[in-house]
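Be aware that the sequence shown starts at 73, since it is given in my numbering, and climbs by one per residue.
For each residue, glycine too, the CB sits at the ideal point set by N, CA and C.
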Amino acid sequence: MKKIKRIALVLLALVIWTAFVGFGFIDGFLLRPITSKNNSDSFINATQDVVDQEFVGNFAMTLIENGEVSQEYFYAQQGNVDQNTVFPVASISKWITSFGVLKLVQQGNIDLDTPVDKYLTRWQLPDSDFDNNKVTVRRLLSHSSGLIDDLGYSGFAATDSIQTIEESLNKAADTNYSDGVAIVGVEPGSQYLYSGAGYTILQLLIEEVSGQPFTQYMKNEVLDPLEMYHSTFQYQDATNKQLAQVYKENGEVRPMNRFTALAAAGLYTTTHDLANFFKRKCV
Numbered sequence: 073m074k075k076i077k078r079i080a081l082v083l084l085a086l087v088i089w090t091a092f093v094g095f096g097f098i099d100g101f102l103l104r105p106i107t108s109k110n111n112s113d114s115f116i117n118a119t120q121d122v123v124d125q126e127f128v129g130n131f132a133m134t135l136i137e138n139g140e141v142s143q144e145y146f147y148a149q150q151g152n153v154d155q156n157t158v159f160p161v162a163s164i165s166k167w168i169t170s171f172g173v174l175k176l177v178q179q180g181n182i183d184l185d186t187p188v189d190k191y192l193t194r195w196q197l198p199d200s201d202f203d204n205n206k207v208t209v210r211r212l213l214s215h216s217s218g219l220i221d222d223l224g225y226s227g228f229a230a231t232d233s234i235q236t237i238e239e240s241l242n243k244a245a246d247t248n249y250s251d252g253v254a255i256v257g258v259e260p261g262s263q264y265l266y267s268g269a270g271y272t273i274l275q276l277l278i279e280e281v282s283g284q285p286f287t288q289y290m291k292n293e294v295l296d297p298l299e300m301y302h303s304t305f306q307y308q309d310a311t312n313k314q315l316a317q318v319y320k321e322n323g324e325v326r327p328m329n330r331f332t333a334l335a336a337a338g339l340y341t342t343t344h345d346l347a348n349f350f351k352r353k354c355v
């Protein structure tokens, strides 16, 4: 029971983040408890109060208790938002991508403790002061590979051309606070360093090992088998779905961007599909 509740809280935090990513955020909302009462009704009521008073944008939340959906809450700036409304979910993409990587492990196609370069032909880690052979699949998954890119991808405008995976790994063009280079800068395995580029490397790994485009592999091996039919890593598919509009903090509409780094930041999904994923894989 404790395990289930703990996992439910993790999913809940992720789903809340889904609604806020890219919207312009309110100060300190996730840094403090929104209610002192330890029950779902109080949490939902407190969330509604915060959203009504401070939030700009579209919001979808699913609360899971004991492995089942217990409550849902939706808020729409304009139009309608429900459990099948599609949101861009930024780094939650990494969570889903990790299951795609583990599927390759399950199939015997890769080993978690093999250097990732052994699987790559289109791109290799650049030389550094550290041993690239210590950059394993496991360490990329756990952000302990020693990569120091500090990448958060902002994506490309819908009308702009986007980089190839290899170009992005050499120097990502869609980042505002990093040099965008995927290189090992600390001893692999020595510490946790959040790495967007690590998951872009895993995206390349999936393509090279499976022989499929990343988007097709994830649809075939993860999304469809888990009945996540409203989810996609393809920008064009997302625009054809019930896609939520995103907003800036001042209420202006924010354009939807495209991503090269799909594994790290390119998933579009719904609270219904995330709950489905959670119930099928985490409980």
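Residue interval of the beta strand (DSSP E) (run including residue i)
i, result
"SER142", "140-147"
Inter-residue Cα distance where the pair is residue i and residue j
i, j, result
"ILE182", "LEU176", "6 Å"
"ALA347", "ASN205", "37 Å"
"GLY227", "ASN329", "5 Å"
"PHE159", "PRO187", "34 Å"
"THR342", "GLN143", "15 Å"
"ASN376", "PHE350", "Because residue 376 is not part of the residues shown, which for the chain are 73 to 355, the question remains open."
"TYR340", "SER262", "33 Å"
"ASN110", "ASN138", "15 Å"
"PHE95", "PHE286", "Confidence at PHE95 is low in this model, with a pLDDT of 42, below 50, so the placement of that residue is unreliable and no value is reported for it."
"GLU239", "MET290", "22 Å"
"ALA335", "GLN275", "6 Å"
"VAL122", "ASP345", "25 Å"
"ILE237", "TYR145", "37 Å"
"LYS313", "VAL161", "15 Å"
"PRO105", "VAL141", "22 Å"
Cβ-Cβ distance between residue i and residue j below 7 Å
i, j, result
"ASP221", "ALA254", "yes"
"GLY180", "VAL294", "no"
"TYR271", "THR169", "yes"
"GLY129", "TYR319", "yes"
"GLY359", "PHE305", "The question about residue 359 has no answer here: the residues shown for the chain are numbered 73 through 355."
"TRP195", "LEU135", "no"
"LEU192", "GLU280", "yes"
"LEU184", "VAL207", "no"
"TYR46", "ASP246", "One cannot answer for residue 46 here, as it falls past the ends of the chain, which runs 73 to 355."
Bounding residues of the alpha helix (DSSP H) (the contiguous stretch that carries residue i)
i, result
"MET300", "Neither: MET300 is in no alpha helix (DSSP H) and is coded neither H nor E."
"LYS206", "No alpha helix (DSSP H) contains LYS206, which DSSP labels as neither H nor E."
"GLN308", "307-311"
"ARG352", "343-353"
"GLN288", "286-290"
"ALA335", "334-337"
Closer than 6 Å: residue i CB and nearest the ligand HEM heavy atom
i, result
"PHE349", "Among the ligands in the structure shown, none appear at all, so the ligand HEM cannot be discussed."
Practice problem: Can you check the stretch 164-198 for any beta strand (DSSP E) of at least 3 residues that lies completely inside it and give the ranges in chain order? | Solution: Along the length of the stretch 164-198, whole beta strand (DSSP E) runs at least 3 residues long do not occur.
Self-check item: Ordered list of alpha helix (DSSP H) runs contained in the stretch 224-268, each at least 4 residues
Solution: Scanning the stretch 224-268 for uninterrupted alpha helix (DSSP H) segments of 4 residues or longer gives 237-242, listed from N- to C-terminal end.
Practice problem: Would you check if the stretch 320-329 and the stretch 295-303 touch, i.e. whether three or more CB-CB distances between them fall below 8 Å? | Solution: When C-beta atoms of the stretch 295-303 are compared with those of the stretch 320-329, fewer than three pairs fall below 8 Å, so the two segments do not count as touching.
Self-check item: Sufficient close CB pairs (3 or more, under 8 Å) joining the stretch 210-221 to the stretch 246-262
Solution: Under the three-pair Cβ rule at 8 Å, the stretch 210-221 counts as touching the stretch 246-262.
Quiz item: In the stretch 107-136, which residue ranges form an unbroken alpha helix (DSSP H) of at least 4 residues, counting only runs that do not cross its ends?
Solution: If one requires a minimum length of 4 residues, the alpha helix (DSSP H) runs lying completely within the stretch 107-136 are 112-126, in chain order.
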